[in-house]
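Taking my numbering, the leading residue of the sequence shown gets 314, the next gets one more, and so forth. Virtual Cβ for every residue (Gly too), placed ideally from N, Cα, C. The structure appears below as structure tokens.
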Amino acid sequence: MKLLCAVAVVSASLPHFVSALIGNSWSFATVPAGGLTDVTFPLAMPNAPHVAGFYFAQQYNFANNGLGYTGLQPRSDRNGKSIVHGVFSSFVKGSTTDDANCHSGADGGAGVSCAVEIEATYNTVYNLVVKSVGNNKWTGTLVDTKSQNKTHIGSYTLPAAGNIEKSQVGFVEYYPWNAMPSHACTDLPWTQAFFGNPTTTTAGASKGTVGKPYIYGDCTTSAANFTFTTDTSGFTASCGYANKIKA
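Structural data, given as structure tokens:
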């Protein structure tokens, strides 16, 4: 993947990505020795264009295993209704799945990819819930925090035991640029997303936080038209140009 609006900070944690633009981390100050058995990532894309292209996500590490991520993608409206695409993937070699929403492989490499599309509003915060259900199996669930509707994204089983570690990074990718030999930062369509503080029900874990986003990579703050605001619940970041949005 080639990130263009990537909310990610530790480049070493992004083996699948070529470049990135906006940086941020998430963490829990304290976790039990055995790690986290679940993590909930609040995400929202109320002002994202209703067209495929952007990916808003959070990554996480499984101890003794490797990387996973979960997130949201916009899609074109269908029959006058907005479509939300939920993603839940493992990049761990040896991951398996028997879930109808999933298939083997992740971004051209080892792992498992799961996804679901639902008719749903963009005007809400979605909780992306990553949870262990035993025997090295993990599930991804999309929860509308207004209606409390829950949608199963997928599930996979890791090759070895290992819970989620205390910190990682997230990103916002503009993936149409992945197939282009070059790009101009001023051609980036405008988008906006909210990233909330992660939570967990794991006993002994402290409150989770997201860090303040910042620019890095091949586009400067001004070229990418990057802005952000923060509050106690997380941050809202935007980048790109409204006149570049394609319906």
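Under the three-state reduction of DSSP, which class applies to residue i: helix, strand or coil?
{"i": "ALA536", "result": "helix"}
{"i": "ALA321", "result": "In this prediction, ALA321 scores a pLDDT of 41, lower than 50, which makes its location untrustworthy; no coordinate-derived value is stated."}
{"i": "TRP503", "result": "coil"}
{"i": "LYS557", "result": "helix"}
{"i": "PRO511", "result": "coil"}
{"i": "LEU316", "result": "In this prediction, LEU316 has a pLDDT of 40, which is less than 50 and means its spatial position is unreliable; nothing more can be read from the coordinates."}
{"i": "TYR488", "result": "helix"}
Since residue i and residue j should fall inside the 8 Å C-beta cutoff, what is the C-beta to C-beta distance between them, to a whole number of angstroms?
{"i": "ALA423", "j": "VAL400", "result": "Actually they do not touch by this definition, with Cβ atoms about 17 Å apart."}
{"i": "HIS398", "j": "GLU430", "result": "5 Å"}
{"i": "GLY483", "j": "GLN372", "result": "6 Å"}
{"i": "PRO526", "j": "ASN378", "result": "Going by Cβ atoms, the distance from PRO526 to ASN378 rounds to 27 Å, so no, they are not a contact pair."}
{"i": "ASN374", "j": "GLN481", "result": "6 Å"}
{"i": "PHE354", "j": "TYR487", "result": "Rounded, the Cβ-Cβ distance is 20 Å, inconsistent with contact."}
{"i": "CYS427", "j": "ASP411", "result": "Incorrect: roughly 12 Å between the Cβ atoms, too far for contact."}
{"i": "LYS450", "j": "THR434", "result": "That belief does not hold up - the Cβ atoms of LYS450 and THR434 are roughly 30 Å apart, past 8 Å."}
{"i": "GLY458", "j": "TYR439", "result": "Per the sequence shown, the amino acid found at residue 458 is Thr instead of Gly. Correct: roughly 7 Å between the Cβ atoms."}
{"i": "PRO502", "j": "ASN436", "result": "The Cβ separation is near 20 Å, so there is no contact."}
Can you give the Cα-Cα distance for residue i and residue j, rounded to whole angstroms?
{"i": "ASN510", "j": "ALA361", "result": "20 Å"}
{"i": "ALA518", "j": "ALA376", "result": "16 Å"}
{"i": "THR343", "j": "GLU478", "result": "10 Å"}
{"i": "GLY347", "j": "GLY475", "result": "8 Å"}
{"i": "CYS415", "j": "VAL443", "result": "15 Å"}
{"i": "PHE563", "j": "PRO489", "result": "Lying outside 314 to 560, the shown extent of the chain, residue 563 is not represented and no answer is given."}
{"i": "THR350", "j": "THR513", "result": "8 Å"}
{"i": "VAL446", "j": "GLN461", "result": "21 Å"}
{"i": "ALA550", "j": "GLY393", "result": "27 Å"}
{"i": "SER409", "j": "ASN556", "result": "Note on identity: in this sequence residue 409 is Thr, with Ser being the wrong assignment. Approximately 43 Å, taken between the alpha carbons."}
{"i": "ALA419", "j": "CYS552", "result": "27 Å"}
{"i": "PRO494", "j": "GLY421", "result": "18 Å"}
Flag this pair as yes or no: are the beta carbons of residue i and residue j separated by less than 9 Å?
{"i": "ARG391", "j": "VAL364", "result": "no"}
{"i": "SER395", "j": "THR383", "result": "no"}
{"i": "VAL425", "j": "LEU441", "result": "no"}
{"i": "GLY467", "j": "TRP339", "result": "no"}
{"i": "TYR473", "j": "PRO345", "result": "Before going on, a small fix: residue 473 reads as Ala here, not Tyr. No, the pair does not count as a contact, with Cβ atoms beyond the cut-off."}
{"i": "ILE335", "j": "TYR529", "result": "yes"}
{"i": "LEU380", "j": "PHE404", "result": "yes"}
>> With three or more C-beta pairs closer than 8 Å as the rule, is the segment 534-550 touching the segment 496-505?
In response: With three or more CB-CB distances shorter than 8 Å, the segment 496-505 counts as touching the segment 534-550.
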